[in-house]
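Residue numbers (the working numbering), protein chains in the order written: chain C, 6 to 267; chain H, 31 to 161. For glycine and all other residues, C-beta sits at the position ideal for the given N, C-alpha and C.
Here's what the structure looks like:
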């Protein structure tokens, strides 16, 4: 058989049409094959607590001595598997006690009244509206959620500690050691951390997701209120309206979401 | 070719050394391990998706799940058949480990065989190992 250029082009053309028709047939055939299957999806729990900007009001008038704060700190640290390291340099803290002079450096006053001078303040991550730690994080392990909570994705943290340098409140701790041996009673429902990640308070995001208030609020006997700062009818907004409140280092422009009634 | 015998002996020694891993492991071949299902998992018959899908894609689905939970706060998964599941690796009955209770028999068996070392358990707590 003699192959002319004409014949070759004819066969090539028919082959091209043949190859092209298969994907077309596939697209028409596919809807029937997976007709009963729907696309997998994700949703929040039914009883989730939602807000636009979660905030906290701490009534310091209800605390008299450091002993009043201990059960609150202990409640938080025990459910979140926060280790108790013996060496101070390795200390991990989510919520802790601080004196006025150190917590409110903006409003320094050498002749402050005795009550404030010796009053124990409960300090924690302020879940700032404009969080500097989020801007500092190079891996987006720290991020601000839609409801205002400044969260950490421990999976993503590479332990660079930029966020610790950026946070003006010292709210973040670094795991210099493996935390597991230093946890007395592990709570199996919350993960521990591993060596080399930063951690901090998460406003009990895991409890809000199932309709519970943060643990410190529960343990405070009404001294701590939690709610949506964006909702004028919320308990926190009512407390803020009726009482004089202060925030930590407001001049830095981070807009903390934790308020103190003094 | 006066050194023929030396060369041949050298070649034989070389060949034996190079194939020594095969000689060492001869007769010790292990079959691919089958993950052992717990009674609960056996009774349920299906996981959150089909068995075939989970076999090939469980690591992918776990990765999506952790991002949904941590970053978006979504804790309910609706699978391709429209059934809803609670998203959790190890806490409570409605979690991966709630059904696949024995981590050593279910996860580790294949992971060890395939020399895969996922770091899930550096942080997440296997309820059975809890102290």
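Beta-carbon separation (whole angstroms), residue i vs residue j, contact threshold 8 Å
| i | j | result |
| --- | --- | --- |
| residue 153 of chain C | residue 54 of chain C | Their Cβ separation, rounded to whole angstroms, is 12 Å, which puts residue 153 of chain C and residue 54 of chain C out of contact at 8 Å. |
| residue 47 of chain C | residue 107 of chain H | 6 Å |
| residue 111 of chain C | residue 254 of chain C | 5 Å |
| residue 142 of chain C | residue 179 of chain C | Contact doesn't hold; Cβ gap of about 14 Å is too wide. |
| residue 198 of chain C | residue 77 of chain H | Not quite, the Cβ-Cβ distance comes to about 28 Å (not below 8 Å), so this is no contact. |
Short CB-CB distance (under 8 Å) between residue i and chain C
| i | result |
| --- | --- |
| residue 108 of chain H | yes |
| residue 100 of chain H | yes |
| residue 122 of chain H | yes |
| residue 146 of chain H | no |
Local Cβ density within 10 Å of residue i, reported as buried at 16 or more and exposed below that
| i | result |
| --- | --- |
| residue 156 of chain C | buried |
| residue 38 of chain C | In this predicted model, residue 38 of chain C has a pLDDT of only 49, less than 50, meaning its place in the structure is not dependable; the value taken from the coordinates is given anyway. Its Cβ having fewer than 16 others within 10 Å, residue 38 of chain C is exposed. |
| residue 41 of chain H | exposed |
| residue 189 of chain C | exposed |
| residue 25 of chain C | exposed |
| residue 44 of chain H | exposed |
| residue 41 of chain C | With a pLDDT of 49 at residue 41 of chain C, under the threshold of 50, the modelled position of that residue is not reliable, and the figure given next carries that caveat. Classification for residue 41 of chain C: exposed. |
| residue 93 of chain H | exposed |
| residue 98 of chain H | buried |
| residue 13 of chain C | exposed |
| residue 133 of chain H | buried |
Short CB-CB distance (under 8 Å) between residue i and chain B
| i | result |
| --- | --- |
| residue 55 of chain H | Judged by its chain identifiers, the structure shown contains no chain B, and its protein chains are C and H. |
Per-residue contacts from residue i into chain C (C-beta, under 7 Å)
| i | result |
| --- | --- |
| residue 157 of chain H | 193 |
| residue 154 of chain H | 196 |
Minimum Cβ-Cβ distance from residue i to chain H less than 8 Å
| i | result |
| --- | --- |
| residue 38 of chain C | Any reading at residue 38 of chain C must be qualified, since the residue scores a pLDDT of 49, below 50, and its modelled position is unreliable; the value itself is stated next. Output row for residue 38 of chain C: interface = no. |
| residue 270 of chain C | In this structure chain C extends from 6 to 267, so residue 270 of chain C is not present and cannot be described. |
| residue 160 of chain C | yes |
| residue 205 of chain C | no |
| residue 268 of chain C | Within the shown structure, residues of chain C are numbered from 6 to 267, placing residue 268 of chain C beyond reach of any answer. |
| residue 120 of chain C | no |
| residue 45 of chain C | yes |
| residue 148 of chain C | yes |
| residue 156 of chain C | yes |
| residue 218 of chain C | no |
| residue 214 of chain C | yes |
| residue 169 of chain C | no |
| residue 210 of chain C | yes |
Amino acids of chain H, ordered along the chain, whose beta-carbon sits closer than 8 Å to that of residue i
| i | result |
| --- | --- |
| residue 49 of chain C | 103, 104, 105, 106 |
Flag this pair as touching only if the segment 207-214 of chain C and the segment 158-176 of chain C have three or more C-beta atom pairs under 8 Å; answer yes or no.
As far as the Cβ criterion goes, the segment 207-214 of chain C does not touch the segment 158-176 of chain C, which means the pair count is below three.
Under 8 Å: do the segment 169-189 of chain C and the segment 86-95 of chain C share three or more Cβ pairs, one atom per stretch?
Three or more beta-carbon pairs separated by less than 8 Å link the segment 169-189 of chain C to the segment 86-95 of chain C, which places the two stretches in contact.
_Cβ contact (3+ pairs, closer than 8 Å) linking the segment 32-39 of chain H and the segment 63-77 of chain C_ = In short, these stretches do not touch, since the Cβ pair count stays below three.
Under 8 Å: do the segment 200-207 of chain C and the segment 95-107 of chain C share three or more Cβ pairs, one atom per stretch? Counting Cβ pairs under 8 Å, three or more are found: they touch.
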